[in-house]
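**Q**
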Amino acid sequence: MIKEKKSYLNYKNIPWYEYVKEIPQDWNILPNIALFDERIKKKNNNEELLSVTISKGIIKQSDIENKKDISNEDKSNYKLVKIGDIAYNKMRMWQGSVGYSQYRGIVSPAYIVLKSKLKINSKYFHYLYRTEYYSNYARRYSYGLCDDQLNLRYVDFKRMYSIVPHIEIQDKIVEYLETKEKQSNKFIEKQQKMIELLKEQKKTIINEVVTKGLNTLVKMQDSGVEWLGKVPKHWEIKKLKEMSDFVNRGTTPNYTEKSDYKVVNQATFSKGYFDESSIRFHKTYKIEKEKGKLKYKDILLASTGGGVLGKVAIFTEKEGVYLADSHVTIIRDSKKRFIPEYLYYFYYVNYNLIDGYFGQGSTNQTELQREWLRQMYLPYPDLKEQKQIVNYIEKQNTKIDTTILKTEKEIELAKDYMESLIYNVVTGQICVE
489 MIKEKKSYLN
499 YKNIPWYEYV
509 KEIPQDWNIL
519 PNIALFDERI
529 KKKNNNEELL
539 SVTISKGIIK
549 QSDIENKKDI
559 SNEDKSNYKL
569 VKIGDIAYNK
579 MRMWQGSVGY
589 SQYRGIVSPA
599 YIVLKSKLKI
609 NSKYFHYLYR
619 TEYYSNYARR
629 YSYGLCDDQL
639 NLRYVDFKRM
649 YSIVPHIEIQ
659 DKIVEYLETK
669 EKQSNKFIEK
679 QQKMIELLKE
689 QKKTIINEVV
699 TKGLNTLVKM
709 QDSGVEWLGK
719 VPKHWEIKKL
729 KEMSDFVNRG
739 TTPNYTEKSD
749 YKVVNQATFS
759 KGYFDESSIR
769 FHKTYKIEKE
779 KGKLKYKDIL
789 LASTGGGVLG
799 KVAIFTEKEG
809 VYLADSHVTI
819 IRDSKKRFIP
829 EYLYYFYYVN
839 YNLIDGYFGQ
849 GSTNQTELQR
859 EWLRQMYLPY
869 PDLKEQKQIV
879 NYIEKQNTKI
889 DTTILKTEKE
899 IELAKDYMES
909 LIYNVVTGQI
919 CVE
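Per my numbering, the very first residue in the sequence shown carries number 489; after that it's consecutive.
Here it is as structure tokens:
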């Protein structure tokens with residue numbers, strides 16, 4: 489079993505290598521040209537297509553879910569990758585898009601493939617090159633006018649240096665880090681499953697009380713709506729148009745780079761939170777006449793595109809001038825016949841219903857049919873009970889959200905620990921034996 493201890497016995501200073509000030513006495517720092525040649529073999533059209541990712545290193549293209557194949561039909565210029573090679577994305581090496589390949593396959597010409605010249609454990613260099621320090625180091629050697637154009641050519645990569653322990657130490661480091669990674673990944677996967685269960689618990693609680701109420705002993709009756717089922721006998725069933733006097737799309741903005749008039753689009757709220765970074769700006773100064781002008785506690789429904797259509801938000805901004813674009817449906821009622829939060833929670837748990845039933849069009853151009861939405865039947869308790877339901881939901885949400893935040897923090901701490909551990913092990917700050 490490989491164990492860690494605080495440090496190696498003796499160290500040497502390397503003042504010219506600014507990212508790591510000292511390494512174990514018997515370790516080396518070698519130029520990459522001494523370690524790797526570029527593999528440029530092409531015309532391997534029948535090989536497995538591989539991809540170099542920031543998150544996982546090298547994976548099979550076929551293992552990437554929901555990713556459209558944008559590779560060229562003619563793969564004669566694609567580069568061969570052999571098991572044990574290192575490959576990196578020329579444009580993204582500085583972001584950590586590099587890795588060791590456990591597969592034989594091909595990658596696009598945008599990648600550099602490295603084959604070892606010495607007896608090394610390539611997986612050690614996989615860990616080394618994916619550290620934050622080496623990403624920053626690679627950025628210095630990448631050339632381009634802006635970040636999106638930075639390019640690390642092999643001719644520049646080979647001028648860089650790598651920390652190189654003896655092969656026996658490389659093997660021990662890899663064995664140790666693989667074990668630690670498996671433990672960390674298992675913990676993170678467990679915590680992520682817990683978060684998903686907690687989110688489902690939230691939806692279950694919300695769905696139960698917005699359709700059945702808080703009193704489990706109350707008499708029920710058939711709502712007459714197939715997807716709604718039974719509701720409390722004292723509740724009414726109303727169409728949205730009977731509860732709301734405003735169900736309209738936003739407007740088509742006249743965009744400008746910056747102004748006082750902010751435009752809310754689907755991306756602003758479809759991720760589950762209000763994302764200020766996706767806000768755009770409206771040019772005209774006649775904002776008071778715009779039909780898309782938003783008011784406090786408006787209900788916003790994403791209205792275009794499969795997968796996004798039906799996402800809901802409640803508008804809570806009190807300051808500034810906002811309007812919704814034409815892909816957002818606004819719901820409000822000047823007569824205050826519903827509690828906005830109650831309607832929000834109802835739509836929140838019925839996203840699939842809105843997306844699947846009230847949308848119409850092709851897969852990628854589905855549009856929310858406003859008249860169908862206005863005709864939609866909704867469970868309608870009186871305002872007092874709506875408020876009680878909202879208060880109960882928010883109390884339960886606070887408890888669950890606190891647990892989710894704690895679990896997310898544990899995941900981040902586990903990731904930070906692994907990043908720190910990998911850096912300290914591959915640079916010799918922590919000894920493994």
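Glycine included, every Cβ here is placed at the ideal spot set by N, Cα and C.
Just so you know, these numbers come straight off a predicted model, no measurement behind them.
Taking all protein chains shown into account, do 16 or more other C-beta atoms lie within 10 angstroms of the C-beta of S822, making it buried, or fewer, making it exposed?
**A** Exposed.
**Q** Is P720 near V706, with beta carbons less than 7 Å apart?
**A** Contact flag set, yes.
**Q** Out of C919, V735, Q884, which one is the CA nearest neighbour of E696?
**A** Minimum Cα distance to E696 is reached at Q884.
**Q** Could you tell me the distance, in whole angstroms, from the CA atom of S623 to the CA atom of Y507?
**A** Going from the Cα of S623 to the Cα of Y507 covers about 11 Å.
**Q** Please say whether T772 and L789 have beta carbons closer to each other than 7 Å?
**A** In this structure, T772 does not lie closer than 7 Å to L789 by Cβ.
**Q** Using only CA atoms, which one of D786, M906, I877 lies nearest to F734?
**A** The shortest Cα separation from F734 among D786, M906, I877 belongs to D786.
**Q** When we look at the beta-carbon of E829 and count the other beta-carbons within 10 Å, is it buried (16 or more) or exposed?
**A** Looking at its Cβ environment, which holds 16 or more other Cβ atoms inside 10 Å, E829 is buried.
**Q** Taking all protein chains shown into account, decide if N501 is buried (16 or more other Cβ within 10 angstroms of its Cβ) or exposed.
**A** Label assigned to N501: exposed.
**Q** In chain order, what residues of the same chain have a beta carbon less than 8 Å from the beta carbon of T895, not counting five sequence neighbours either side?
**A** The answer, listed in chain order, is Q679, M682, I683, L686.
**Q** Between S585 and T619, what straight-line distance do the alpha-carbon atoms span, to the nearest angstrom?
**A** Their backbone Cα atoms lie some 11 Å apart in a straight line.
**Q** Taking buried to mean at least 16 other C-beta atoms within 10 Å of its own C-beta, is V713 buried or exposed?
**A** With fewer than 16 other Cβ atoms within 10 Å, it is exposed.
**Q** Can you tell me which residues form a DSSP beta bridge with Q709?
**A** According to DSSP, which records beta bridges pairwise, Q709 is partnered with V719.
**Q** At which residues does the alpha helix (DSSP H) containing P519 begin and terminate?
**A** No alpha helix (DSSP H) holds P519; the beta strand (DSSP E) holding it covers 516-519.
**Q** Report whether the distance from the Cβ of N838 to the nearest heavy atom of the ligand ZN is below 6 Å.
**A** Summarising the ligand content, the structure contains no ligands, and the ligand ZN is consequently not present.
**Q** Could you name the residues of the same chain whose beta carbon sits closer than 6 Å to that of E535, not counting the 5 residues immediately before and after it, in chain order?
**A** For E535, where only same-chain residues beyond five positions count, the Cβ hits under 6 Å are G593, I594.
**Q** Assign F757 to buried or exposed, taking buried as 16 or more other Cβ atoms, counted over all protein chains shown, within 10 Å of its Cβ.
**A** F757 is buried by the Cβ-count criterion.
**Q** Work out the CA separation of N532 and I511 for me, nearest whole Å.
**A** Going from the Cα of I511 to the Cα of N532 covers about 41 Å.
**Q** M581 and L537: beta carbons closer than 7 Å?
**A** No, they are not a contact pair.
**Q** Can you name the start and end residues of the beta strand (DSSP E) that N577 belongs to?
**A** First-last of the beta strand (DSSP E) with N577: 574-577.
**Q** Could you round the C-beta distance between L702 and Q874 to whole angstroms and report it? I think they count as a contact, below 8 Å.
**A** The Cβ separation is near 11 Å, so there is no contact.
**Q** Which stretch, first to last residue, makes up the alpha helix (DSSP H) that contains V698?
**A** Its alpha helix (DSSP H) spans residues 655-700.
**Q** Quick one: which unbroken beta strand (DSSP E) runs of 3-plus residues sit fully inside the stretch 754-784? Chain order, please.
**A** Counting only runs of 3 or more, we get 768-770.
**Q** Please determine, among S732, V751, S747, the residue with the shortest C-alpha to C-alpha distance to P741.
**A** The candidate whose alpha carbon is nearest that of P741 is V751.
**Q** Excluding the 5 residues flanking S791 on each side, which residues of the same chain have their C-beta closer than 7 Å to its C-beta?
**A** Excluding sequence neighbours, S791 sits near R737, L797, H815, V816, T817, E855, L856.
**Q** Considering only C-alpha positions, which residue in the set Y749, K781, F769, K799 is nearest to K761?
**A** Sequence check: residue 761 is Tyr here, not Lys. Here the closest residue by C-alpha is K799.
**Q** What does DSSP give as the partner residue(s) for G545 in the beta ladder?
**A** According to DSSP, G545 bridges with T541.
**Q** By the three-class DSSP mapping on this structure, what secondary structure does V569 have?
**A** DSSP places V569 in strand when its eight states are reduced to three.
**Q** Could you give the first and the last residue of the continuous alpha helix (DSSP H) run that contains V796?
**A** From DSSP, V796 is part of no alpha helix (DSSP H); its letter is neither H nor E.
**Q** Thinking C-beta only, is S543 closer than 7 Å to G572?
**A** No, the Cβ-Cβ distance between G572 and S543 is not below 7 Å.
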